[in-house]
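Peer 1: Quick note on our numbering: the sequence shown kicks off at 116 and runs consecutively.
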Amino acid sequence: MKILMYHWTQDDFPSSRGGGIKVYQKTILQELVKIKDLHLTVLSSGSSDLYDFIDPSIRIKRLPSRTNELERFGIVNSSVWAPACNHFGNPYSINHLKMKEIFFEFVVKHQFDVIHFQHLEGLPAEVLTIKERLPHIKILFSMHDYYALCPQVTFLYKGRDLCNDSQNGKKCLSCLPVEDFRSSLSSKRANWFAFQIIDRVGFNPEGTIGTLIQKFFHQVFIGKTTITPPNPPPDNVLLNWHYIVELMNKHVDSVLPVSKRVQQIALRHGIHSNLLKLLRLGIPEAPRFRQEPPPQGPLIREDGSLTFVYLGYMTIHKGFFFLLDAFEEMPEELSGKINLVVAAKAPNDPFVLNRLMSLQPKLKSLIHYNGYTPDQLDTILGKGSIGLLCQLWEDSGPITAWEMHCRHIPLLTSDLGGASELSGCKSMVYGHGNRSEFIECVRKILEGKVTHEEYWKNSITPMTVAEHCQQLVQYYLSEEKDTL
């Protein structure tokens, strides 16, 4: 069986771009290559390393692969840039005839049996109509985020406020600035020249030298191109975003949401219920959950203190600034008993880090790790900690939540997204953005009113990567699309 897997960036690209979806794809590919008679090909499109400003033609090229078990290809000079935040409102997000034909030719040539999309960023959505040309092909769509439902991806109006109704796309028109084609193209050109040097010399793209090279070329090229779009843009794509749902309902065999919350949101936005098949992530640390029994007794430590750990990003939608607001507002009778550990890379603006460190006098202790790697997690999390997930958006199934869950670290989480599903413990869930509810949850924990027994009794046992891939293969092999 020949499988084509799509993500806008290659999972072996030496950069953090692509986020958790890239990590997920890399993890499952390492498992899938072990399965006999599965022949895997990986395709990417829209990332900066796939633009050629010497030959601007749109084409597919073979990419180097670090393993013989799979082949890698990239669409060069895609008309749809990725990630989606690079070109909000891209007029070719739904259709681009040349892109579609190149994709179709590639699929026909390689005779794939299954196409597994991690999402559609970097491609025009009408590539899903390959089903009309090749009715036998099976199409799977893993729903990690909401790009297929929301052009802004996160359902955050203007990047701040939760959006539950786009008013048939009218609200999208005033959501974010529609990126100017020339500005976006200049950015792609700058990145392309930068990576010609970075890749050939072998610099780390996120290291000091790699970062300086990228900054230099951005200063050279941004705003200085006169290139115009190759075709007149179609009708406003933002008003027609719902068409992507129509394409999915018509052509996709299975939509695989990573949490119940994602499944509910997809259903609410029109994805047919018979297509939706919940498939939670496979977690490398899952065996730890089964091998180690959960702690017992109150969540509070014997000395009356708590250790809260925040992992991830210092961003608004992840709730970092909500966290700062809540701790600034929290009475010192509570905050003075709290050890706070923050493992997140500080932004360039020193004000953010200064604001975090200004909490130190009212806390029992404060530790900041400027980012982290997976092998540091056990040290950062320690024993007897509680994870903080303060998300202000419908974060599908945060990998950081699973990493802590597998270590039997309880989570205090907002009511958005899939994180609260891991335990189902209502005492550890507060209304998103509600500082009073958050502080009241902390108070109850400090008073010993929340126990490990209560927290873990209905918790989800995480799937191993092997178990996840076994289910995935069953979807690859299933014969028929379910009907309504």
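Just so you know, even glycine gets a beta-carbon here, dropped at the ideal spot from N, CA and C.
Roughly how many angstroms lie between the CA atoms of residue 514 and residue 427, to the nearest whole one?
Peer 2: Your numbering for residue 514 matches position 399 in the sequence shown. Your numbering for residue 427 matches position 312 in the sequence shown. The C-alpha of residue 427 is placed about 10 Å away from the C-alpha of residue 514.
Peer 1: Mind the definition here: the region 151-160 touches the region 520-537 only if three or more C-beta pairs lie below 8 Å; say whether that holds.
Peer 2: no
Peer 1: Which of the three DSSP states is assigned to residue 342 in this structure?
Peer 2: Residue 342 sits at position 227 when you count from the first residue of the sequence shown. Because the pLDDT of residue 342 is 40, which lies under 50, any placement of that residue in the model is unreliable, and the question is left without a value.
Peer 1: Return the bridge partner residues of residue 502 from the DSSP annotation.
Peer 2: As a working note, residue 502 is residue 387 in the sequence shown. Paired residue(s): 424 and 526.
Peer 1: Counting pairs of Cβ atoms below 8 Å between the region 451-463 and the region 542-553, do you hit three or more?
Peer 2: no
Peer 1: Mind reading off the beta-carbon distance from residue 241 to residue 209? Whole number of angstroms is fine, and I expect it under 8 Å.
Peer 2: Numbered from its first residue, the sequence shown carries residue 241 at position 126. Numbered from its first residue, the sequence shown carries residue 209 at position 94. About 6 Å separates the two Cβ atoms, so the contact holds.
Peer 1: For residue 358, collect the residues of the same chain with a Cβ closer than 8 Å to its Cβ; drop the 5 residues on either side in sequence, then sort them by chain order.
Peer 2: Here the question's residue 358 lines up with position 243 in the sequence shown. Result list for residue 358: 209 and 240, in chain order.
Peer 1: Is it buried or exposed, residue 519, if we count other Cβ atoms within 10 angstroms and call 16 or more buried?
Peer 2: Here residue 519 is taken as the residue at index 404 of the sequence shown, counted from 1. Buried: at least 16 other Cβ atoms inside 10 Å.
Peer 1: For residue 117, which three-state DSSP category applies?
Peer 2: Position 2 of the sequence shown holds residue 117. Strand at residue 117.
Peer 1: With H, G and I counted as helix, E and B as strand and the rest as coil, what does DSSP make of residue 323?
Peer 2: If you number the sequence shown from 1, residue 323 lands on position 208. The answer is helix: DSSP assigns residue 323 an H, G or I state.
Peer 1: Which residue or residues does DSSP assign as beta-bridge partners of residue 566?
Peer 2: Position 451 of the sequence shown, counting from 1, holds the residue named residue 566. Residue 566 pairs with 413.
Peer 1: Grab the span of the beta strand (DSSP E) containing residue 255 for me, first residue to last.
Peer 2: Within the sequence shown, the letter at position 140 stands for residue 255. Looking at the DSSP string, the run of the beta strand (DSSP E) that includes residue 255 is 253-258.
Peer 1: Buried or exposed for residue 580, going by 16 or more other Cβ atoms inside 10 Å?
Peer 2: Locating residue 580 in the sequence shown gives position 465, where the first residue counts as 1. When all chains shown are included, residue 580 counts as buried.
Peer 1: Round the Cβ separation of residue 193 and residue 165 to the nearest angstrom and send it over; I've been treating them as touching at under 8 Å.
Peer 2: Taking the first residue of the sequence shown as position 1, residue 193 is located at position 78. Taking the first residue of the sequence shown as position 1, residue 165 is located at position 50. Confirmed, about 7 Å.
Peer 1: For the putative contact between residue 233 and residue 136, defined by C-beta atoms under 8 Å, what is the C-beta separation to the nearest angstrom?
Peer 2: Taking the sequence shown and counting its residues from 1, the one referred to as residue 233 is at position 118. Taking the sequence shown and counting its residues from 1, the one referred to as residue 136 is at position 21. Confirmed, about 5 Å.
Peer 1: Find out if the Cβ-Cβ distance for the pair residue 571, residue 396 is shorter than 8 Å.
Peer 2: Indexing the sequence shown from 1 puts residue 571 at position 456. Indexing the sequence shown from 1 puts residue 396 at position 281. Against a cut-off of 8 Å, the Cβ pair of residue 396 and residue 571 comes out as no contact.
Peer 1: What number of angstroms, rounded off, separates the C-alpha of residue 598 from the C-alpha of residue 250?
Peer 2: Taking the sequence shown and counting its residues from 1, the one referred to as residue 598 is at position 483. Taking the sequence shown and counting its residues from 1, the one referred to as residue 250 is at position 135. Residue placement at residue 598 is flagged as unreliable, the pLDDT there being 45, under the threshold of 50; the coordinate-derived value follows with that caveat. Cα-Cα distance, rounded: 15 Å.
Peer 1: Could you tell me the alpha carbon to alpha carbon distance between residue 544 and residue 147, rounded to whole angstroms?
Peer 2: To locate residue 544, count along the sequence shown from 1; it is residue 429. To locate residue 147, count along the sequence shown from 1; it is residue 32. As the crow flies, the alpha-carbon of residue 544 is around 36 Å from that of residue 147.
Peer 1: Between which two residues does the beta strand (DSSP E) carrying residue 460 extend?
Peer 2: For the purposes of this step, residue 460 is identified with residue 345 of the sequence shown, where counting begins at 1. Residues 453-460.
Peer 1: Give me the Cα-Cα distance between residue 373 and residue 332, rounded to the nearest whole angstrom.
Peer 2: Numbered from 1 along the sequence shown, position 258 holds the residue referred to as residue 373. Numbered from 1 along the sequence shown, position 217 holds the residue referred to as residue 332. The alpha-carbon atoms of residue 373 and residue 332 are separated by roughly 38 Å.
Peer 1: Can you pull the DSSP bridge partners for residue 386?
Peer 2: On the sequence shown, position 271 is the one that residue 386 refers to. Looking at the DSSP assignment, residue 386 forms no beta bridge with any residue, so it has no partner.
Peer 1: Give the single residue among 403, 546 and 509 whose Cα lies nearest to the Cα of residue 527.
Peer 2: Here the question's residue 527 lines up with position 412 in the sequence shown. When only C-alpha atoms are compared, the closest one is 546.
Peer 1: Keeping to the same chain, check which residues put their C-beta closer than 8 Å to that of residue 451; ignore five residues upstream and five downstream.
Peer 2: Here residue 451 corresponds to residue number 336 of the sequence shown, with the count starting at 1. Correct list, in chain order: 477, 478 and 479.
Peer 1: Go through its chain and collect everything with a Cβ distance to residue 363's Cβ below 8 Å, but skip five positions before and after it.
Peer 2: Counted from its first residue, the sequence shown places residue 363 at position 248. So the qualifying residues of the chain are 243, 256, 263, 370, 386 and 390.
Peer 1: Using C-beta distances below 6 Å, list every residue in its chain close to residue 174, excluding the 5 sequence neighbours before and after it, in chain order.
Peer 2: Your numbering for residue 174 matches position 59 in the sequence shown. Cβ within range, chain order: 191.
Peer 1: Going by alpha carbons, who is nearest to residue 236 out of 213, 141 and 124?
Peer 2: Start at 1 with the first residue of the sequence shown, and residue 236 comes out as number 121. Answer by Cα proximity: 124.
Peer 1: Kindly list the residues whose CB is nearer than 6 Å to the CB of residue 587, restricted to its own chain and excluding five residues on each side of it in sequence; keep chain order.
Peer 2: Counting from 1 along the sequence shown, the entry for residue 587 is found at position 472. Result list for residue 587: empty, nothing under 6 Å.
Peer 1: Quick check on the burial criterion: 16 or more other C-beta atoms within 10 angstroms. Buried or exposed for residue 398?
Peer 2: Numbered from 1 along the sequence shown, position 283 holds the residue referred to as residue 398. Buried, since its Cβ has 16 or more Cβ neighbours within 10 Å.
Peer 1: For the beta strand (DSSP E) containing residue 392, name the first residue and the last one.
Peer 2: The sequence position of residue 392 within the sequence shown is 277, counting from 1. Per DSSP, residue 392 belongs to no beta strand (DSSP E) and is neither H nor E.
Peer 1: Please report the distance separating the alpha-carbon of residue 311 from that of residue 324.
Peer 2: Stepping through the sequence shown from its first residue, residue 311 is reached at position 196. Stepping through the sequence shown from its first residue, residue 324 is reached at position 209. Going by the C-alpha atoms only, they are around 14 Å apart.
Peer 1: For residue 420, I'd like the list of residues in its chain whose CB is within less than 8 Å of its CB, leaving aside the five on either flank, ordered along the chain.
Peer 2: In the sequence shown, counting from the first residue as 1, residue 420 sits at position 305. Here the set comprises 452, 453, 454 and 479.
Peer 1: Helix, strand or coil, according to DSSP, for residue 248 in the structure here?
Peer 2: In the sequence shown, the residue the question calls residue 248 occupies position 133. If DSSP states are grouped into helix, strand and coil, residue 248 belongs with the helices.
Peer 1: Please say whether residue 204 and residue 352 have beta carbons closer to each other than 8 Å?
Peer 2: Within the sequence shown, numbered from 1, the residue matching residue 352 stands at position 237. Within the sequence shown, numbered from 1, the residue matching residue 204 stands at position 89. Result yes, Cβ atoms of residue 352 and residue 204 sit closer than 8 Å.
Peer 1: What is the residue span of the alpha helix (DSSP H) that residue 551 lies within?
Peer 2: Mapped onto the sequence shown, residue 551 falls at position 436. Residue 551 -> alpha helix (DSSP H) spans 550-561.
Peer 1: For residue 348, does the three-state DSSP call read helix, strand or coil?
Peer 2: Residue numbering aside, residue 348 sits at position 233 when the sequence shown is read from its first letter. Residue confidence is low: residue 348 scores 43 on pLDDT, short of 50, so the model does not pin down where it sits. Its coordinate-derived value is still stated next. Of the three classes helix, strand and coil, the one that applies to residue 348 here is coil, per DSSP.
Peer 1: What's the C-alpha gap between residue 218 and residue 141?
Peer 2: Within the sequence shown, the letter at position 103 stands for residue 218. Within the sequence shown, the letter at position 26 stands for residue 141. Spanning the two alpha carbons is a distance of roughly 22 Å.
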